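I have placed the structure first, in the form of structure tokens, so that the comments after it can refer back to it.
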Amino acid sequence: MDLPVGWFVVLPALSTIPVLVRAYGVSQSDLYLVTVSNSDLEFKRLDTAGAGAGAGAGVSRLSLLTNFLSSCFRSRNHGYALLFLQNIQNPDPSLWNNAVRASVESGLSLDFMGFYKSMLGDNVLPDKATFSKILPVCAALCEIKLGELVHCQIVKMGFENYLFLQTGLLDFYAKVEDLSSARKLFDKMPERDVVAHNAMISALGKNGYIVEARKLFDGMGDKNSSSWNSMITCYCKLGDVNSARMIFDCSPMKNVVSWNAMIDGYCKSDQLTIARELFDCMGSIKNTVTWNTMISAYIQYKEFGRALSTFRQMQAEHVKPVEVTMVSLLSACAHLGALDMGNWIHAYVKRQNLKIDVYLGNALIDMYCKCGSIESALDVFHGLPTKNVFCWSSIIAGLGMYGYGKEAIDVFLKMKDQGMKPDHVTFIGLLCGCSHSGLVSEGRKYFSEMLEVYGVHPGVEHYGCMVDLLGRAGFLEELLELIRTMPMAPNAAVWGSLLRACRTHKDTRVSEQVTQRLLELDPRDGGNYVFLSNIYASANRWNDVELCRNLMIERGVHKTPGCSSIEVDNVFHEFMAGDTSHPQFTQINTFLDEIAKKLKGLGHEPDKASVFHDIDEEEKESSVVR
DNA sequence: GTAGGGTTAG
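FYI, the numbering for the first sequence is -23 to -1, 1 to 603, going by mature numbering (1 follows the signal peptide of the UniProt record, and there is no 0).
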């Protein structure tokens, strides 16, 4: 079929798939309505002169465009919508307004910026409703300048007397931590309703003025549930969970938000047991947020098993998981190495058409990296419409972990090209990547560029990475010089890296000096004692080995046994060091022997130095392999 | 227009 030249619109109501076909060029602004009948396409040219009735179909051009744009947003084709708006002649201002609102509501904030800027470039001004939608986005993106611009436009257009816009502005300033502007707005308001008071209370609370927030709260005549809840949150954010509980107990209008805020408050102040008690008291009034609060708390406390069992309970009670739930669960998978479950979550996300935003995208990337599937991680990464510094950092660290140091650097440079500013975590991933791939000169280069090129102050962690990098490569002198000239005190990680370097390069002289410091800094870490003991063992200083062990017993320090786990067909298999209880222990051992033989055949020398002394040479070798 | 849940390193 020959297609006419121009823009084609297939209305979603007329077709199963909303599609825009742009054929043969961009400059045309003729519009065609395409109807689908008997799997054939019929084209009708529409009147492009104005908003009058369109040709043929009885549809006005404006309503056609409005429909089309909203179908773009429903199917998340924001780029198309933007391209379309920029290319049609004389777009009706309402189209822009709808587009800005739709992009804000879809949660893709970067698109919003594009729409908003193009709209202003088109000399189209937003209306009152658009302003009220824009302000929270400016606050969320910390777009202070843009928010202030919005403020100016509100004044310029004579909207500054609308109460809801004043409250919106107040809230914006509060969220970008400009309390004095928020206060000024509040003081200037000719009348203040409950909402304005509530906004001011949380503004004060967020900025640490809890006493004033409480005064305002106590002085309020009419309180609604948000007033009580704001007050609960103010106290929780301050860490004063007991005062929060008093407000909670006094509140005559407790709702699910009050409970959620209270539970979160307990979680954030290390009182998981009380949080869970409250959670269990709630019964059927629990909502998605309640479940998410509890699950994410378990994640933060590294109770991954409980997080998963809580999720199963959530499913049993038929509460639908949402994006936030998935972010927490993916974090659990990443820590547990549960690739099967991670894959299931990814499939669920696709099936339910959940929004893969920067949070969820990053959680997927991190899960795939940690579960051994760098290809899938890269797929997710490249498929993300917007990436933030978390996403970039995760993929850089992931590549580095896999030994793809060069690739990690490439991605880092691409990040720079795209104008994304790396942060301190990005550099940890990058430097670790250099370290694992032996890219010493590259590591030195990026370490020295951190501050002067990227404006990121090297922290003790970065020195730790550099010590690791230089240590692995055997630059012991340079390493010691680096530690000597560090602007901050070395931490346990720095000394630990140095110790590893000493062991690798068989330098017992430095090790002893270092270890004393390490034991002072981190006397509860059993690993350090074992480490020192191993150094002595490799030097045949058995008395010192004994001393080390006795010190551990004296101080009541235990070494957590090494543990690894693998998930096969949804079953977790855990292996502790020295544990022979697995039902397939013999078979596994036979297999390990085979691997060991192959490794030896390839010239691998097992590291015997790190094994305790009370076994003979042959046994040493085999206990390293296992 | 105000109140509740999310991600990155060793």
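C-beta: ideal position from N, C-alpha, C; glycine also.
All of these numbers come straight from a predicted model, not from anything done at the bench.
Cβ-based neighbour list, residue i, same chain, cut-off 8 Å, excluding 5 preceding and 5 following
i      : result
Arg253 : Met271
Cys368 : Val335, Gly338, Asn339, Ile342, Phe358 and Leu361
Glu571 : none
Ser14  : With a pLDDT of only 46 at Ser14, under the threshold of 50, the placement of this residue in the model should not be trusted; the figure read from the coordinates follows. If we look at Ser14 and ignore the five residues flanking it on each side, it has no Cβ neighbours.
Met291 : Trp268, Ile272, Pro298 and Thr302
Ile178 : Ala190, Leu193, Phe194, Ser204, Ser207, Met208 and Cys211
Asn201 : Val171, Asn175 and Met230
Ser16  : Caution is warranted here: a pLDDT of 46 is assigned to Ser16, below 50, making its placement in the model unreliable, and no coordinate value can be reported.
Tyr506 : Leu496, Cys525, Arg526, Leu528, Met529, Val534 and Lys536
Other residues of its chain near residue i: CB distance less than 7 Å, five sequence neighbours each side excluded
i      : result
Gly380 : His413 and Ser414
Cys442 : Ile405, Leu408, Cys409 and Ser412
Leu446 : Leu408, Cys411, Ser412, Val417 and Gly420
Ser371 : Asn339, Ile342, Asp343 and Cys346
Leu390 : none
Val3   : For Val3, the pLDDT reaches just 29, beneath the cut-off of 50, and the residue's location in the model is therefore unreliable, although a value from the coordinates is still provided. Asn64.
His590 : Because the pLDDT at His590 is just 41, under 50, the model does not fix this residue reliably, and the point stays unresolved.
Ala58  : Leu46, Cys49, Phe50 and Ala76
Leu72  : Leu42, Thr43, Leu46 and Leu62
Phe141 : Ser109
Leu156 : Ala180 and Asn184
Val402 : Ser370
Arg501 : Val534
Asn74  : Pro103, Asp104 and Thr107
Segment limits, alpha helix (DSSP H) that includes residue i
i      : result
Lys165 : Leu156 to Lys165
Thr557 : Thr557 -> no alpha helix (DSSP H), and no H or E assigned at all.
Ile121 : Ile121 to Lys133
Phe367 : Val366 to Met378
Gly410 : His401 to His413
Tyr150 : Leu140 to Lys152
Asp317 : Leu316 to Arg328
Gly360 : Ile351 to Gly360
His434 : That residue, His434, is in no alpha helix (DSSP H); it is neither H nor E in DSSP.
Gln395 : Where Gln395 is concerned, there is no enclosing alpha helix (DSSP H), given that its DSSP letter is neither H nor E.
Cys348 : No alpha helix (DSSP H) contains Cys348, which DSSP labels as neither H nor E.
Asn64  : His55 to Asn64
Glu523 : Trp519 to Arg532
Lys536 : Careful: Lys536 lies outside any alpha helix (DSSP H) and carries neither H nor E.
Leu102 : Here Leu102 belongs to no alpha helix (DSSP H), and DSSP marks it neither H nor E.
Given residue i as reference, the closest of the options once Cα atoms are compared
i      : options                           : result
Ser204 : Asp241, Ile224, Leu456 and Asp394 : Ile224
Ala284 : Val296, Glu294 and Thr302         : Thr302
Ser40  : Met291, Pro68, Leu59 and Gln63    : Pro68
Leu60  : Tyr243, Phe92, Ser71 and Met427   : Phe92
Cys310 : Lys279, Arg328, Pro298 and Phe562 : Lys279
Leu193 : Lys214, Arg169 and Cys213         : Arg169
Leu498 : Cys213, Val433 and Ala469         : Ala469
Thr363 : Phe45, Ala315 and Gly56           : Gly56
Leu475 : Ser558, Pro464 and Gly451         : Gly451
Lys332 : Val304, Glu300, Ala324 and Leu306 : Glu300
Leu306 : Val296, Asp226, Asp247 and Ile322 : Ile322
Asn232 : Lys214, Lys263 and Ala478         : Lys263
Leu255 : Ile187, Asn330 and Asn237         : Asn237
Val444 : Leu428, Glu429 and Trp472         : Trp472
Val433 : Arg461, Leu459, Gly448 and Lys398 : Lys398
Thr265 : Glu294, Gly436 and Gln248         : Glu294
His439 : Arg449, Ser425, Glu429 and Val430 : Ser425
Thr144 : Gln130, Val132 and Ala159         : Ala159
Leu456 : Gly436, Val487 and Val507         : Val487
Residues near residue i in its chain [Cβ-Cβ closer than 6 Å; skip 5 each side]
i      : result
Asp400 : Val366
Glu594 : With a pLDDT of only 43 at Glu594, under 50, the local geometry of the prediction cannot be trusted, and the value read off the model is given with reservation. None.
Gly27  : Because Gly27 sits at a pLDDT of 42, beneath the cut-off of 50, its placement in the model cannot be relied upon, and the following sentence gives the value as read from the coordinates. Closer than 6 Å at the Cβ level, and outside the excluded window around Gly27, lies no residue.
Gly124 : Cys115 and Phe149
Worksheet item: Taking the runs of the alpha helix (DSSP H) that are 4 residues or longer, which of them lie wholly in the stretch 447 to 494?
Response: Counting whole runs of 4 or more residues, the stretch 447 to 494 contains the alpha helix (DSSP H) stretches 453 to 462 and 469 to 481.
Worksheet entry | Segment contact, 8 Å Cβ cut-off, at least three pairs: the stretch 520 to 534 with the stretch 551 to 571 | The stretch 520 to 534, when compared against the stretch 551 to 571, does not touch it at the 8 Å Cβ threshold.
Fill in: Any 3 or more C-beta pairs closer than 8 Å across the stretch 212 to 222 and the stretch 195 to 204
As far as the Cβ criterion goes, the stretch 212 to 222 does not touch the stretch 195 to 204, which means the pair count is below three.
Item to complete: Kindly confirm or deny that the stretch 101 to 121 and the stretch 67 to 79 touch, where touching means at least three C-beta pairs closer than 8 Å.
Response: For the pair of segments examined, the stretch 101 to 121 was found to touch the stretch 67 to 79: the number of CB pairs separated by less than 8 Å reaches three.
Worksheet item: Curious, which full-length alpha helix (DSSP H) runs of at least 4 residues does the stretch 228 to 308 contain?
Response: Listed in chain order, the complete alpha helix (DSSP H) runs (minimum 4 residues) inside the stretch 228 to 308 are 233 to 245, 249 to 258, 265 to 277 and 281 to 293.
Discussion item. Would the stretch 136 to 144 count as touching the stretch 94 to 103 if we require 3 or more Cβ pairs under 8 Å?
Written reply: When Cβ pairs closer than 8 Å are counted between the two stretches, the stretch 136 to 144 is seen not to touch the stretch 94 to 103, the count staying below three.
Item to complete: Let me know the alpha helix (DSSP H) ranges lying completely inside the stretch 173 to 225, each 4 residues or longer, listed in chain order.
Response: If we require 4 residues or more, the alpha helix (DSSP H) runs fully inside the stretch 173 to 225 come out as 187 to 196 and 202 to 215.
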